[in-house]
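Have a look at the structure below, then the notes.
Protein chains: 2
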Amino acid sequence: MLNIGDVARQGGVSVETLRYYEQQGLIETPDRDANGYRKYAPEVVRHIQFIKRAQDVGFTLRDIGDLLSLKADPGASCSDVRDRALGKLSEIEEKIDVLSRMRDVLGTWTNACPSTGPVSACPILDALEARKGPANADR
Amino acid sequence: MLNIGDVARQGGVSVETLRYYEQQGLIETPDRDANGYRKYAPEVVRHIQFIKRAQDVGFTLRDIGDLLSLKADPGASCSDVRDRALGKLSEIEEKIDVLSRMRDVLGTWTNACPSTGPVSACPILDALEARKGPANADR
DNA sequence: GTAAACCCTGTAGTATACTTTAGGGTCAAG
DNA sequence: CTTGACCCTAAAGTATACTACAGGGTTTAC
Numbered sequence: 049m050l051n052i053g054d055v056a057r058q059g060g061v062s063v064e065t066l067r068y069y070e071q072q073g074l075i076e077t078p079d080r081d082a083n084g085y086r087k088y089a090p091e092v093v094r095h096i097q098f099i100k101r102a103q104d105v106g107f108t109l110r111d112i113g114d115l116l117s118l119k120a121d122p123g124a125s126c127s128d129v130r131d132r133a134l135g136k137l138s139e140i141e142e143k144i145d146v147l148s149r150m151r152d153v154l155g156t157w158t159n160a161c162p163s164t165g166p167v168s169a170c171p172i173l174d175a176l177e178a179r180k181g182p183a184n185a186d187r
Numbered sequence: 049m050l051n052i053g054d055v056a057r058q059g060g061v062s063v064e065t066l067r068y069y070e071q072q073g074l075i076e077t078p079d080r081d082a083n084g085y086r087k088y089a090p091e092v093v094r095h096i097q098f099i100k101r102a103q104d105v106g107f108t109l110r111d112i113g114d115l116l117s118l119k120a121d122p123g124a125s126c127s128d129v130r131d132r133a134l135g136k137l138s139e140i141e142e143k144i145d146v147l148s149r150m151r152d153v154l155g156t157w158t159n160a161c162p163s164t165g166p167v168s169a170c171p172i173l174d175a176l177e178a179r180k181g182p183a184n185a186d187r
């Protein structure tokens, strides 16, 4: 059995984060020792890594809560999980599109800037000032 | 001279947003009428559009404050502005890279999922559970 | 003269994922 | 037996860019 500090070290998170996850219902309420300390089974470390990996691919804690429910639900099907993943995939692609448009516009502008001369003749500020070029990145 | 509501309509923002920008120092404190109402010169609408366009390409309000200082500073050079733009460009590219890695991993996983069968045999959950594949998208 | 539409201030709330703070017990080593 | 490392709770703070609310004046149209 592990103390919260052990789990934190092994899982690569802080003890505060663990208490936060518990409060958010992402890890099940651990038993307590006589002194009130949380006592964890070693398996909880894997569980934390599940959460971290899910975050790494873009899932929010709320999403992860859903995923964990599916995981625990014998009636759930693999396609339920796949649907969440596909949904997240399109969210991510949407974000990439927005950012790509920003990148393109900024690229154009920085290329247009001679980088010498006073700000009064700055093409970037000019571009921001007057509607010009396909700025609008959808927001 | 325009009331705050006129400026809001013409600038495409809410009056609350205008008061917020003023409080944040992004638009200069307007004169007041005898009744205490803010009175704006029509030019302020352009100013607001500057802010919005800068947001569209990824600048935060803090960044925009900097940009506005440069714009107002006769001693500033065009390259100062360009530097901010290039800095923002790399921030954006970094974000795109992170998101692209997420997309790739999620794409691989969803392709691996037959979408039939119970969650107990879900390759996506498996991937999340055990370290496997190049998940780590840098965070 | 009254109701709708507009203006004002100051404060608090929103979302996300934590981190920090305050105040206080517990445990292991020397 | 005390010091340092560890544990506990509950509440507040962080960042960003607003939005909403409470409570109250002003202006315009009919």
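Protein chains in written order, with the numbering used here: chain A, 49 to 187; chain B, 49 to 187.
Where a beta carbon is used, it is the ideal one built from N, C-alpha and C, also for glycine.
None of these values were measured; they are calculated from a predicted model.
Q: Compare the C-beta of isoleucine 140 of chain A against all C-beta atoms of chain B and say whether one is closer than 8 angstroms.
A: Within the first sequence, residue 140 of chain A is the residue found at index 92, counting from 1. Yes, isoleucine 140 of chain A lies at the interface with chain B (some Cβ there is under 8 angstroms from its Cβ).
**Q.** From B:Leu147, B:Pro122, B:Leu115, residue whose alpha carbon lies closest to that of leucine 134 of chain B
**A.** Against the second sequence, residue 134 of chain B aligns to sequence position 86. Leucine 134 of chain B has its Cα closest to that of B:Leu115, out of B:Leu147, B:Pro122, B:Leu115.
Q) If we count Cβ pairs, one from each stretch, closer than 8 angstroms, do we get three or more for the segment 59-71 of chain A versus the segment 91-101 of chain A? A) Yes, they touch.
Q. Per DSSP, which one or two residues make a beta bridge with lysine 87 of chain B?
A. Position 39 of the second sequence, counting from 1, holds the residue named residue 87 of chain B. Looking at the DSSP assignment, lysine 87 of chain B forms a beta bridge with B:Asp79.
Q. What's the call for aspartate 81 of chain A, buried or exposed, on a 16-neighbour Cβ count within 10 Å?
A. As a first step, residue 81 of chain A is located in the first sequence; it is residue number 33 there, counting from the start. By the 16-neighbour rule on beta-carbons within 10 angstroms, aspartate 81 of chain A is exposed.
(Q) So for proline 171 of chain A, helix, strand or coil by DSSP? (A) Working through the first sequence from its first residue, we reach residue 171 of chain A at position 123. Proline 171 of chain A falls in the helix class under three-state DSSP.
(Q) Taking CB distances under 8 angstroms as the criterion, tell me whether aspartate 121 of chain B reaches chain A. (A) The residue labelled residue 121 of chain B in the question sits at position 73 within the second sequence. Yes, contact with chain A.
Q) Using a Cβ cut-off of 7 angstroms, which residues of the segment 54-67 of chain A contact any Cβ in chain B, in chain order? A) From the segment 54-67 of chain A, no residue has a Cβ closer than 7 angstroms to chain B.
Q: For alanine 102 of chain B, count neighbouring Cβ atoms within 10 angstroms of its own Cβ and tell me buried if that reaches 16, exposed if not.
A: Residue mapping note: residue 102 of chain B aligns to position 54 of the second sequence, counting from 1. By the beta-carbon neighbour count (other beta carbons within 10 angstroms, threshold 16), alanine 102 of chain B is buried.
Q: Identify, in the order they occur along the chain, each residue of the same chain with its Cβ nearer than 6 angstroms to the Cβ of methionine 49 of chain A, setting aside the five sequence neighbours on each side.
A: Residue mapping note: residue 49 of chain A aligns to position 1 of the first sequence, counting from 1. Taken in chain order, the residues that qualify are Lys87.
Q. Should proline 78 of chain B be flagged as near chain A, meaning a C-beta pair shorter than 8 angstroms?
A. By one-based count along the second sequence, residue 78 of chain B stands at place 30. No, no contact with chain A.
Q | Residues of its chain near proline 171 of chain A, where Cβ-Cβ distance is below 6 angstroms and the 5 sequence neighbours each way are ignored | A | Residue 171 of chain A sits at position 123 when you count from the first residue of the first sequence. If we look at proline 171 of chain A and ignore the five residues flanking it on each side, its Cβ neighbours are Ala160, Cys161.
(Q) I want to see whether chain B comes within less than 8 angstroms of isoleucine 144 of chain A, judged by CB atoms only; does it? (A) Counted from its first residue, the first sequence places residue 144 of chain A at position 96. At least one CB atom of chain B sits nearer than 8 angstroms to the CB of isoleucine 144 of chain A.
Q. Are the C-beta of valine 105 of chain A and some C-beta of chain B separated by less than 8 angstroms?
A. Position 57 of the first sequence, counting from 1, holds the residue named residue 105 of chain A. Chain B, which has a Cβ nearer than 8 angstroms to the Cβ of valine 105 of chain A, makes this yes.
**Q.** Rounded straight-line distance, which links the Cα of glutamine 71 of chain A to that of alanine 89 of chain A
**A.** As a working mapping, residue 89 of chain A is identified with position 41 in the first sequence. As a working mapping, residue 71 of chain A is identified with position 23 in the first sequence. Annotation: alanine 89 of chain A to glutamine 71 of chain A spans about 18 angstroms, alpha carbon to alpha carbon.
Q: Express the C-alpha separation of threonine 108 of chain B and serine 168 of chain A in angstroms, rounding to a whole number.
A: Within the first sequence, numbered from 1, the residue matching residue 168 of chain A stands at position 120. Within the second sequence, numbered from 1, the residue matching residue 108 of chain B stands at position 60. Going by C-alpha positions, serine 168 of chain A is about 22 angstroms away from threonine 108 of chain B.
Q: Name, please, each residue of chain A whose Cβ falls closer than 7 angstroms to the Cβ of threonine 108 of chain B.
A: The sequence position of residue 108 of chain B within the second sequence is 60, counting from 1. Within chain A, no residue comes near threonine 108 of chain B; the closest Cβ sits about 13 angstroms away, beyond 7 angstroms.
Q: Give the C-beta separation of cysteine 126 of chain A and serine 163 of chain B to the nearest angstrom, bearing in mind that I take them to be a contact with Cβ-Cβ under 8 angstroms.
A: Locating residue 126 of chain A in the first sequence gives position 78, counting from the first residue. Locating residue 163 of chain B in the second sequence gives position 115, counting from the first residue. Right, their Cβ atoms sit about 6 angstroms apart.
Q: Using the DSSP secondary-structure output, state which residues sit across from leucine 50 of chain B in a beta bridge.
A: Taking the first residue of the second sequence as 1, we reach residue 50 of chain B at position 2. B:Tyr88.
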